[in-house]
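For reference, the structure is listed below as structure tokens.
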Amino acid sequence: MTDAEAKNRIEALTTELNEHNYRYYVLSAPVISDYEFDKKLRELEELEKRYPQYAFEDSPTKRVGGDITKSFKQVVHQYPMLSLSNTYSKQEVVDFINRVKKTVGEDVEFVCELKYDGVAIGLKYENGKLVQAVTRGDGVRGDDVTTNVKTIRSIPLKLRGSGYPESFEIRGEIIMSRQSFNRLNKLREETGEMPFANPRNAASGSLKMQDSAEVAKRGLDCFLYYMPGKNLPFDNHYDNMTEARKWGLKVPNYMAKCKTVDEIFDFIGYWDKARRDLPFDIDGVVIKVNSFRQQELLGYTAKSPRWAIAYKFKAEQAVTTLRSIDYQVGRTGAITPVANLDPVLLAGTVVKRASLHNADIIAKLDVRIGDTVYVEKGGEIIPKIVGVDLSKRPPGAVKISFISVCPACGTKLVREEGEAAWRCPNEEGCPPQLKGKLEHFVSRRAMNIDSLGEGKIDLLFDKELVRNPADLYDLTFSDLIGLEKTYPAEEGKKERKVSFQEKTVENILNGIKQSVEVPFPRVLFALGIRYVGETVAKKLALHFGSIDRLMQADFETLIEVNEIGERIAESLLDYFKKPSNIHLIQRLKDHHLKFEMEQVDDNAGTGKLNGAAIVVSGVFKNFSRDELKALIEKNGGRNVASVSGKTDYLLAGENMGPAKKQKAERLGVRIITEEEFLKMIE
Ligand code: IVH
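Counted the way my numbering counts, the sequence shown spans residues 3 to 684.
What follows is the structure, encoded as structure tokens:
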């Protein structure tokens, strides 16, 4: 490929991929498959690596982040970032409308919009290019989070069309969809990090991260709803926002022009119900005066414009009676109190049970058996009790004292410092914990023994055939044949008894036998060590290579591993301290489960580096320099000692000499991190 050809191809791919991004993230109307998109993106990445001089500033490859911000620069807003006056009362909305009409003294047109529940952001565009993104901060000055915001794919780095002001700001809300939120929290629970309470906190936390490559993975989105300033094409809010849509900006369609109180209340009423079907959270409706001339007549208070108001939705609540509290014991021994309620209809479903989270929440609510309670469905799927109607408290209702012994095994409960949950410490003898661990062990993502699904673990446990995972591998045909299982009566079905026939038994034994082929990372996950979820298990397995090396690691060695924090390290040390766990691992080893990474044939490298000349410099998180050099060779790259015009990459760690870096930058040698390198040879 000649230089000119490369330049053309880079330009064509950049334009095409930006168009696809716009269709996917702004219009939600993609025209190519993700697979095709990725293929083209990779082609562009390759070309940009070889011809960095032709890469565009708004290249879609830049959306994956990579730049680190140590601390965010404070920026003064050109127009202060005001908030809105809020109300939960429809009467106050009527008062607002009447006040506006009276002040203006003529017909007023309102625009109703959704109130997005996220983090406010101001985006500054100059000559069609995104130059700055600033958070609200204290309204006068905010944080410059441009690097992170550039990873949000629905925010155009370069505007489309024409007619936009040379310099202008557009404001909106950065949000996280409920789907991205749930995914993120699941991951955090696996890695032992505190889950976020709601999508707004998650969006806000993500926006403030130092590593933009991490932000890029969080699935943030942005809705735009306001342009301050005077140099706009139209003299009213609605038309300007509609115009901004043509510039590729994501101005949502959930907007309506309204003239009367009834029209405004129709909008509110509709979205109060329909918000459940939106993929993201809204917390109300914003009502704005459309005409700029009228807005000016109305003016501002110190905190908010007089031409707008936010009507906030109440969270959906139901009132019912608390009948009793159950205490559930999880696989790790954590006790969860669950309220049994008189069935009540809430947001379209019948609710009979609600979470009471932990002892502190029960004490704070001072909820008692027989109390009339308020149940709410927040962002979470499981409803929760949020309050008590004290006026209806039955006489003699006594304070709930949280259980002090395990409801399943009677062991005294403990609570570790900084933990919200009480826990049963009897890991080795508490039936629901043992059963929970077995169920986890055979689950799909762990050892995947699906022939042991549908309550069979329960049966084997109750018949005292298995107590821990190693016992599964000792099961024989005669242990299982003829075992009887009773299915309890259900609606329309009588109780039935089934006894294990030959076929079932063979299936079970086969499933167990095959599971010895499961690779080490999943075996490690299957052990059910606290805070060692799938992702963490994979990291540990890759880093240490075998359970023996992992077991020898001390606290310092463990926390040196990327993304392994103190909680995980302590939990691992605890686990390996217990003789019963060491014994379990030994028994599983005797049954030939995989406790080390598969040996890859040293000559079977990926060849992915394709002869690239690489300089390794600095200190790395996961590998030593020598290990990295070995990986380079193995994958078809060449190790070179110093940076020159012929170097393809500088693999840079911490504390690398500045001279080397400058030289690489001067010569246009691409500087890559350890993570990027690992991705290249993946
Ligand atoms: S307009 C000067 N429109 O709610 C008025 N704000 O509680 C600028 N918000 O600061 C704001 N959705 O962060 C506007 N459709 C919408 C909104 C919205 C959410 C946020 C915004 C604002 C806060 C006020």
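Glycine is no exception: its CB is placed at the ideal position from the N, C-alpha and C atoms.
Of the other Cβ atoms in all chains shown, 16 or more fall within 10 Å of the Cβ of Phe225; this residue is therefore buried. Between Gly639 and Gly670, the CB-CB gap reaches or exceeds 9 Å.
At a cut-off of 8 Å, the beta-carbon of Asp119 counts as near the ligand IVH: some heavy atom of the ligand is closer than that.
In the displayed model, Asp285 falls within a strand according to three-state DSSP. Using a cutoff of 8 Å, the CB of Ala122 counts as near the ligand IVH, since one of the ligand's heavy atoms is closer than that. Cβ neighbours of Leu595 within its own chain (closer than 6 Å, five residues either side excluded): Val518, Val525.
By the neighbour-count criterion, in which 16 or more other beta carbons inside 10 Å mark a residue as buried, Met196 falls on the exposed side. Nearest Cα to Tyr302 within the set Leu542, Tyr81, Asp60: Tyr81. Non-local beta-carbon contacts of Val321 in its own chain, meaning distances under 8 Å to residues more than five positions away in sequence, involve Val346, Thr374, Val375, Tyr376, Val377, Asp391 in chain order. If the five residues before and after Cys432 are omitted, its C-beta is found closer than 8 Å to the C-beta atoms of Val331, Gly335, Cys408, Ala410, Cys411, Thr413, Cys426, all from its own chain and listed in chain order.
Put simply, of Ala246, Ala6, Val520, Tyr227 the residue whose alpha carbon is nearest the alpha carbon of Met257 is Tyr227.
Counted as a single uninterrupted DSSP element, the alpha helix (DSSP H) harbouring Pro471 occupies residues 471–474. As DSSP reads the structure, Cys426 sits in no beta bridge.
The DSSP-derived three-state label of Asp223 is strand. Apart from the 5 residues on each side of it in sequence, Lys131 sits with its Cβ closer than 8 Å to the Cβ of Glu59, Asp60, Leu159, Lys160, Leu161 in its chain, given in chain order.
In this model, Ser573 and Arg180 are separated by some 30 Å (Cα to Cα).
Thr149 and Ile634 have their C-alpha atoms some 30 Å from each other. For Gly438, the three-state secondary structure derived from DSSP is helix.
In this structure, Val287 lies away from Leu300, with their beta-carbon atoms at least 9 Å apart. The three-state reading of DSSP puts Ala661 in helix, counting H, G and I together. For Ser156, the Cβ stays outside the 8 Å cut-off from all heavy atoms of the ligand IVH. Residue pairing from DSSP places Ala615 in a beta bridge opposite Arg640. Contact fails between the stretch 196–205 and the stretch 132–141, because fewer than three Cβ pairs, one in each stretch, are under 8 Å apart. Residue pairing for Asn88: DSSP places it in a beta bridge opposite Ala312.
Look at Gln134 here: in three-state DSSP terms it is strand. When the alpha-carbon of Glu421 is set against those of Ile337, Lys458, Gly655, Asn470, the nearest one is in Ile337. Selection Glu418, Arg220, Val645, Ile587 evaluated against Ile549 yields Ile587 as nearest (Cα-Cα). Under the DSSP assignment, Leu347 falls in the beta strand (DSSP E) whose first and last residues are 337–348. Each residue's CA atom was taken as its position, placing Thr478 and Lys623 some 46 Å apart. For the set Tyr118, Arg155, Ser85, the Cα lying nearest the Cα of Val142 is the one of Ser85. Met257 carries a strand assignment under DSSP once its states are collapsed to helix, strand and coil. For Gln212, there is no enclosing alpha helix (DSSP H), since its DSSP letter is neither H nor E.
For Gly67, the closest C-alpha among the options Ile674, Asp473, Glu684 is that of Ile674. Counting C-beta pairs closer than 8 Å gives three or more between the stretch 481–488 and the stretch 503–512, which meets the contact rule.
Using a cutoff of 8 Å, the CB of Lys126 does not count as near the ligand IVH, since none of the ligand's heavy atoms is closer than that. The C-beta distance from Ile387 to Ala341 rounds to 6 Å, short enough to fall under 8 Å.
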